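J.:
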Amino acid sequence: MAGVPVGTGRLIGFAQAAEAVGPDDLYWAARATLISRHEDIPLLDEAFREAFEVIGPPQPASQPVADRRSTVFAPSELSIETGPRDDASESNLASPIEALRRKNFAACTPSELVLVARLMARLRLSAPQRRTRRRRPASGGEPDLRRTLRRAMRTGGEPIERAWRRRTRERRRILLVLDVSGSMGTYSRALAMFAHAALRSGPGWEAFAFGTRLTRMTRALSGPDPDAAFAAASAEVTDWDGGTRIGTCLKQLLDEHGRTRAVRGSICVILSDGLDVGEPDLLREQMERLSRTAHRVVWLNPLKGTLGYEPLARGMAAALPYIDVFRAGHNLQSLEDVADVIARLSTRHLS
Amino acid sequence: MDFTSADHLEQALANASYLADRGLAVAVFLALKLRRPLLLEGEPGVGKTEIARTLARVLGAEMIRLQCYEGIDAGQALYEWDYSRQLLYARTLQDGALDPSRKAAELYGPEFLVERPLLRAVRKGAGAVLLVDELDRADEEFEAFLLEVLADSAVSIPEIGTITADTPPVVVLTSNRTRELHDALKRRCLYHWIDYPTQDREVAIIRLRAPEASQALAEAVAEVVARLRAMDLTKKPGPAEAIDWARALAALGVTQLDQVSVDETLGWAIKNRDDLVMVRKGMPELLGA
């Protein structure tokens, strides 16, 4: 079948099901036994058309042509690039690195970007915590009757030694939404590296790329080569001089994933210059929706690193009221700061 | 009650006021016949929970519902000891009324066991329809635990022993897809995606569930609801909303939909503020011929 894994167990189930119902219901028997995802229904339909009406082989879906030129490398490929001399150790690089940390990504040469990428790979994002409903033994809190009783058995049924339990805490999820449109230029490649480093910090985190449309890039970015993931994503969502439609893309994100854990209660980090060609009203609406669904909204705008920048662009001005943390993210130091701010985001304190 | 065919079951469900589409009828029939759990997915309000309830009625079985939520654990799903009673009992025992070596056995006797839905379902066996509602809300660890109970239809309690169902209960699981369920669980289950009904079927559903609404009103409601679903709404109205809406209109004595009656009762169909604003803006087209 076109891309649906069907194990022996499922086949046996299908055979039993087919026997239990009449031939007219064979399709429904297959649907109940062979698949278990809504997305797989069209594939099953196709397989059925193919098997029982024979209209020729199915047309393969067109694949986006990925730009395979590597300008930002995977961390693993970097070490040879930067260390031609054997004394290129950490300590010798210390002061150039310090300068590089403050250098705007847009001004970096390709070889400097390579180094930035390596430094970025060390960055770890840690999300703030939230209280869950699960409870664990603790030294204080609410009484834990179950364990108290167990202990009372030792003292002849007298609950002398009491036990307590408390709700556990869990880290929030982080959702990265990355602008890969033309105006972002060098920034989006650098920020893709940031997303790559971030995704390896926590389980269940998601990353999306957008231009004129939105695409999920979590899986691609989880691989070893962030540059390939970035190239594939930008080829898919960037129409030639189509501009950025942030509002439309956020809408797509919220419509498709708004009810899932990827968005709800997460820390949403948007990386974009806010140069939007869509309707500002739409962007305002969607930002409001996002701010109600996500726990906190962080917006990184590389233009903010430019001296004298004011968020006057229509899109940015519309989005601003719904942003909890607005930072530049135009150089490594700024990204490190952001990682710090995100870790400290709590219910009350906001920067 | 044994069903010989999917038609037979479909008829029985219809008699109990549930109009199942063909796919759902076949899936439920297979779940009964092959004794496999049935996983139902679909938009909110398409009748995922209701089918379990109706099925219990049709089978003459007890409906046992386990509502999942984040952090649910074995104590809330399977069984728990009644600790306060145990403590009290332990204190009365203290006065030497009983041989200390038997104390533990006494304390963990069946009378202190608090039965939760899963244990109850296993005890009842074929006499129960177990509905595990909104499983996607529970943690992944809970899913694994549930899988274990479902696989053996057995619950083992260290102090008492293993309780096994002779015939496993009918199990219906629902998910709203806020996260993807684990493959291991899905493999064990039959699967059905409940779609929105066709307009004709929706009219029939409204007539069946809200008999106080006239045929004309039911048709009007189904048509407007179909148009609402075609709109770009955050939360589209399901058949459950259509039924509620028809009931509300009938209770107000409305016989046909017009701007005023729709405006007054729109909250029954649309439950999101942004959607309300959008629908109110497009009201003339919504009611237009």
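Chains as they are written, first to last, in the working numbering: chain H, 1 to 351; chain L, 1001 to 1289.
Built from N, CA and C at the ideal position, the CB exists for glycine as well.
Predicted, not measured: the structure shown is a model, and the values here were computed from it.
State yes or no: is the C-beta of L271(H) within less than 8 Å of the C-beta of V237(H)?
T.: In the first sequence, counting from the first residue as 1, residue 271(H) sits at position 271. In the first sequence, counting from the first residue as 1, residue 237(H) sits at position 237. Against a cut-off of 8 Å, the Cβ pair of V237(H) and L271(H) comes out as no contact.
J.: Looking at C-alpha atoms only, which residue of P23(H), F14(H) and A47(H) is the closest neighbour of A32(H)?
T.: Indexing the first sequence from 1 puts residue 32(H) at position 32. Among P23(H), F14(H) and A47(H), the Cα nearest to that of A32(H) belongs to F14(H).
J.: Who are the Cβ neighbours of T71(H) in its own chain at under 8 Å, not counting the five residues just before and after it?
T.: Counting from one through the first sequence, the residue named residue 71(H) turns up at place 71. Its pLDDT being 37, under 50, T71(H) is placed unreliably in this model, and the coordinates cannot settle the point.
J.: Have a look at the DSSP bridge pairing and note the partners of R130(H).
T.: The sequence position of residue 130(H) within the first sequence is 130, counting from 1. E170(H).
J.: Give the residues of chain L in contact with Q16(H), contact being defined as C-beta atoms less than 7 Å apart.
T.: Within the first sequence, residue 16(H) is the residue found at index 16, counting from 1. Within 7 Å Cβ-Cβ: L1034.
J.: Under 8 Å Cβ-Cβ, which residues of chain H neighbour A1020(L)?
T.: If you number the second sequence from 1, residue 1020(L) lands on position 20. Residues of chain H passing the Cβ test: none, with the nearest at roughly 11 Å.
J.: Does the structure place the segment 1107-1118 of chain L close enough to the segment 1074-1087 of chain L that three or more beta carbon pairs sit under 8 Å?
T.: As far as the Cβ criterion goes, the segment 1074-1087 of chain L touches the segment 1107-1118 of chain L, which means the pair count is three or higher.
J.: Please name the residue in L1249(L), A1222(L) and G1253(L) whose C-alpha comes closest to that of G1238(L).
T.: Taking the first residue of the second sequence as position 1, residue 1238(L) is located at position 238. Closest option to G1238(L), Cα to Cα, is A1222(L).
J.: For W1268(L) versus I41(H), is the C-beta spacing smaller than 8 Å?
T.: Here the question's residue 1268(L) lines up with position 268 in the second sequence. Here the question's residue 41(H) lines up with position 41 in the first sequence. For W1268(L) and I41(H), no; Cβs fall outside 8 Å.
J.: By the three-class DSSP mapping on this structure, what secondary structure does A1165(L) have?
T.: Within the second sequence, residue 1165(L) is the residue found at index 165, counting from 1. Three-state DSSP puts A1165(L) in coil, outside helix and strand.
J.: Can you tell me whether DSSP reads C249(H) as helix, strand or coil?
T.: Sequence index remark: in the first sequence, residue 249(H) carries index 249 (1-based). C249(H): helix per DSSP, three-state reduction.
J.: From L1019(L) to D1152(L), what distance separates their C-alpha atoms?
T.: Position 19 of the second sequence holds residue 1019(L). Position 152 of the second sequence holds residue 1152(L). Cα to Cα, L1019(L) sits roughly 32 Å from D1152(L).
J.: When the cut-off is 8 Å and only beta carbons count, does A29(H) lie next to chain L?
T.: In the first sequence, counting from the first residue as 1, residue 29(H) sits at position 29. A29(H) counts as touching chain L.
J.: Can you tell me whether L335(H) is buried or exposed? The criterion is at least 16 other CB atoms within 10 Å of its CB, across all chains shown.
T.: As a working note, residue 335(H) is residue 335 in the first sequence. When all chains shown are included, L335(H) counts as buried.
J.: Which residues in the same chain have their Cβ closer than 8 Å to the Cβ of A139(H), if we skip the five residues on either side of it in sequence?
T.: Taking the first sequence and counting its residues from 1, the one referred to as residue 139(H) is at position 139. Just to set this straight, residue 139(H) is Ser in the shown sequence, not Ala. Excluding positions up to five away in sequence, the list reads W164.
J.: For D1073(L), would you say it is in contact with chain H, using Cβ-to-Cβ distances shorter than 8 Å as the test?
T.: Residue 1073(L) sits at position 73 when you count from the first residue of the second sequence. So, interface residue.
J.: State yes or no: is the C-beta of V180(H) within less than 8 Å of the C-beta of F230(H)?
T.: Working through the first sequence from its first residue, we reach residue 180(H) at position 180. Working through the first sequence from its first residue, we reach residue 230(H) at position 230. In this structure, F230(H) lies closer than 8 Å to V180(H) by Cβ.
J.: I'd like to know whether the C-beta of H349(H) is nearer than 8 Å to at least one C-beta of chain L.
T.: If you number the first sequence from 1, residue 349(H) lands on position 349. The predicted model places H349(H) with a pLDDT of 42, which falls under 50 and marks its position as unreliable, so this point remains unresolved.
J.: My guess is that L254(H) and R284(H) are in contact by the Cβ rule of under 8 Å, so how many angstroms apart are they, rounded?
T.: Numbered from its first residue, the first sequence carries residue 254(H) at position 254. Numbered from its first residue, the first sequence carries residue 284(H) at position 284. About 13 Å; that fails the 8 Å criterion.
J.: When DSSP labels each residue in this structure, what does D1133(L) get in the three-state scheme?
T.: Locating residue 1133(L) in the second sequence gives position 133, where the first residue counts as 1. DSSP places D1133(L) in strand when its eight states are reduced to three.
J.: The beta strand (DSSP E) spanning S1175(L) covers which residue range?
T.: Here residue 1175(L) corresponds to residue number 175 of the second sequence, with the count starting at 1. Here the beta strand (DSSP E) through S1175(L) covers V1170 to S1175.
J.: Just by C-beta distance, which residues in the segment 152-177 of chain H are closer than 7 Å to chain L?
T.: Result list: A152, M153, G156, G157, E158 and P159.
J.: Reducing DSSP to helix, strand and coil, say where E1041(L) ends up.
T.: As a first step, residue 1041(L) must be located in the second sequence, where it is residue number 41. Note: E1041(L) maps to strand in three-state DSSP.
J.: On the DSSP bridge assignment, give the partners of Q1067(L) in chain order.
T.: The count along the second sequence starts at 1 and reaches residue 1067(L) at position 67. DSSP lists D1133(L) as partners of Q1067(L).
J.: If contact is defined by three or more beta carbon pairs under 8 Å, each pair taking one atom from either stretch, is the segment 1050-1060 of chain L in contact with the segment 1165-1174 of chain L?
T.: Judged by Cβ distances under 8 Å, the segment 1165-1174 of chain L makes contact with the segment 1050-1060 of chain L, as three or more pairs qualify.
J.: Throw me the rounded Cβ distance for the M287(H) and A319(H) pair, which I believe falls under 8 Å.
T.: Within the first sequence, the letter at position 287 stands for residue 287(H). Within the first sequence, the letter at position 319 stands for residue 319(H). Contact holds; Cβ gap of about 5 Å.
J.: Hey, T1234(L) and D1200(L) are a contact pair by Cβ (cut 8 Å); roughly how many whole angstroms apart?
T.: Reading the second sequence from its first residue, position 234 is the one you call residue 1234(L). Reading the second sequence from its first residue, position 200 is the one you call residue 1200(L). The Cβ separation is near 27 Å, so there is no contact.
J.: In chain order, what residues of the segment 1157-1183 of chain L put their CB closer than 9 Å to some CB of chain H?
T.: So the close ones are N1176, R1177, T1178, R1179, E1180, L1181 and D1183.
J.: Quick check on the burial criterion: 16 or more other C-beta atoms within 10 angstroms. Buried or exposed for H257(H)?
T.: The residue labelled residue 257(H) in the question sits at position 257 within the first sequence. H257(H) is buried by the Cβ-count criterion.
J.: Taking E161(H) as the reference, give the member of P23(H), L149(H) and K251(H) with the closest Cα.
T.: Translated into the one-based positions of the first sequence, residue 161(H) becomes position 161. Of P23(H), L149(H) and K251(H), the residue nearest in Cα terms is L149(H).
J.: Which runs of the alpha helix (DSSP H) fall wholly inside the segment 275-306 of chain H and span at least 4 residues, in chain order?
T.: You should have 280-293.
J.: If the criterion is Cβ atoms closer than 8 Å, does the pair V1046(L) and L1013(L) meet it?
T.: In the second sequence, counting from the first residue as 1, residue 1046(L) sits at position 46. In the second sequence, counting from the first residue as 1, residue 1013(L) sits at position 13. Contact: no.
J.: Just to make sure I have the definition right: I need the residues of chain H whose C-beta is within less than 9 Å of the C-beta of R1280(L). Which are they?
T.: Here residue 1280(L) refers to the residue found at position 280 of the second sequence. Going along chain H, no residue has its Cβ under 9 Å from R1280(L), so there is no contact; the nearest lies around 15 Å.
J.: With 7 Å as the C-beta to C-beta threshold (strictly closer), list the residues of the segment 1181-1215 of chain L near chain H in chain order.
T.: Listed in sequence order: K1186, R1187, C1189, L1190, Y1191, H1192 and W1193.
J.: Below 8 Å between beta carbons: does that hold for Y1196(L) and L1039(L)?
T.: Position 196 of the second sequence holds residue 1196(L). Position 39 of the second sequence holds residue 1039(L). The answer is no: Cβ separation not under 8 Å.
J.: According to DSSP, which residues form a beta bridge with V21(H)?
T.: Translated into positions along the first sequence, residue 21(H) becomes position 21. In DSSP, V21(H) forms no bridge with anything.
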